[in-house]
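Going by the numbering used here, the first residue of the sequence shown is number 85, and it counts up by one from there. Note that beta-carbon positions come from the ideal geometry of N, C-alpha and C, so glycine has one too. A short worksheet on the structure shown next.
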Amino acid sequence: MAFERLMLEGERTSSWSEKAQEDVMLKLWAVINNAGVCIPGEMQWLTWEQCHRSIQVNLEGAVRITKTFLPLLQQAKGRVVFVTSCFTDGGLPGAGLLSATSAALDALADCLRLEAQGQVKVSTVRLGDFSLTTGLLSEHHREVAAMRAALPDAAEVDRFSAYQDAVASRGLTLRSAAPPQPLPKTVCAAFEDALLTRRPLRAYQVTEGVGARLGRWLRAQLPSDLRDALVTRRFRRQLPKVTHL
């Protein structure tokens, strides 16, 4: 089976389906909704533009793309893949919009899979923190500047700076960072299975390292009060200057 990849972006939905039919000689087999925005920061720090952009790219874009191509996918009995995050099962401080849009996409995938009744197979690929691989936060310094300029309370500057310094200390936001590297084999294997296996999984969990997998399992299993206490303790240890935690 031969495949041709078609990269689409923007909001010109009326031309997307036509472009697919013109450029793809056979049938449209799959749509991978991979566009995403991640802006680390507490809700009170984010600007409205950053909130709106996160929802527009992470959620609205996936809905728009999927709805546009659904008739072609139904004809081919193809696949839809939504790329979400490990925050789908529970958010962490500073990841509110990413957590919310990931959970929304997960619910959308469930509904679409039931509606399709096997005519289109739908999966989610829940990725862990591969920022160093993808360069997702390579422009985060611009987001930090926008948040800092809009902070309404001067007293929040110290907390904000402590949080963003901690993010930067992980090397995720360095403008001089090395170019993005090829994705790990585990990530590629998840996409390959979602696209090509006869019975793809509902969700593929791809996290980096044993610690991340254990943390995800604990978040899913623990009572909410205990989970919140452990998350708070962890962030107090990692971000001692962020006094709210």
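Would you give the residue range spanned by the beta strand (DSSP E) that Gln-158 belongs to? Looking at the DSSP string, Gln-158 is not in any beta strand (DSSP E); the run it does join, the alpha helix (DSSP H), is 145 to 160.
Three Cβ pairs or more, each shorter than 8 Å: is that satisfied between the region 144 to 156 and the region 186 to 198? Contact between the region 144 to 156 and the region 186 to 198 is present, because at least three Cβ pairs lie under 8 Å.
Give the straight-line distance between the Cα atoms of Tyr-247 and Gly-125, rounded to the nearest whole angstrom. Between Tyr-247 and Gly-125, the C-alpha separation is close to 8 Å.
Which residue comes first and which comes last in the beta strand (DSSP E) that contains Ala-274? It is not in any beta strand (DSSP E) - Ala-274 instead sits in the alpha helix (DSSP H) that spans 269 to 280.
Among Leu-189, Arg-163, Gln-128, Asp-309, the one whose alpha carbon lies nearest that of Asn-142: Leu-189
Looking at the secondary structure, which residues open and close the beta strand (DSSP E) in which Leu-211 lies? 205 to 211
I need the boundaries of the alpha helix (DSSP H) containing Ala-187, first residue and last residue. In this chain, the alpha helix (DSSP H) harbouring Ala-187 covers 180 to 200.
Cβ shell of Leu-258 (< 6 Å), same chain only, five flanking positions each side left out: A caution first: Leu-258 carries a pLDDT of 47, below 50, which makes its placement in the model unreliable, though a value can still be read off. Nothing meets the Cβ criterion.
Could you pull out every residue in the same chain whose Cβ sits closer than 7 Å to the Cβ of Ala-234, ignoring the five residues on either side in sequence? Thr-131
Please name the residue, chosen from Leu-302, Val-290, Ala-274, Val-204, that lies closest to Cys-170 on a Cα-to-Cα basis. The shortest C-alpha to C-alpha distance from Cys-170 to any of Leu-302, Val-290, Ala-274, Val-204 is the one to Val-290.
Report yes or no: is there a C-beta of chain C within less than 7 Å of the C-beta of Thr-316? Absent here is chain C; the protein component of the structure consists of one chain.
With Gln-128 as the anchor, note down where its alpha helix (DSSP H) starts and where it stops. Annotation: Gln-128 is outside any alpha helix (DSSP H) and is labelled neither H nor E by DSSP.
Ala-184 to Glu-133 span [Cα, whole Å]: The alpha-carbon atoms of Ala-184 and Glu-133 are separated by roughly 16 Å.
Please confirm whether Lys-205 and Ala-160 have their CB atoms less than 7 Å apart. no
With distances taken from CA atoms, which of Gln-128, Trp-113, Ala-114 is nearest Ala-238? Gln-128
On the three-state DSSP scale, how would you describe Arg-259? Any reading at Arg-259 must be qualified, since the residue scores a pLDDT of 47, below 50, and its modelled position is unreliable; the value itself is stated next. The answer is coil: DSSP assigns Arg-259 none of H, G, I, E or B.
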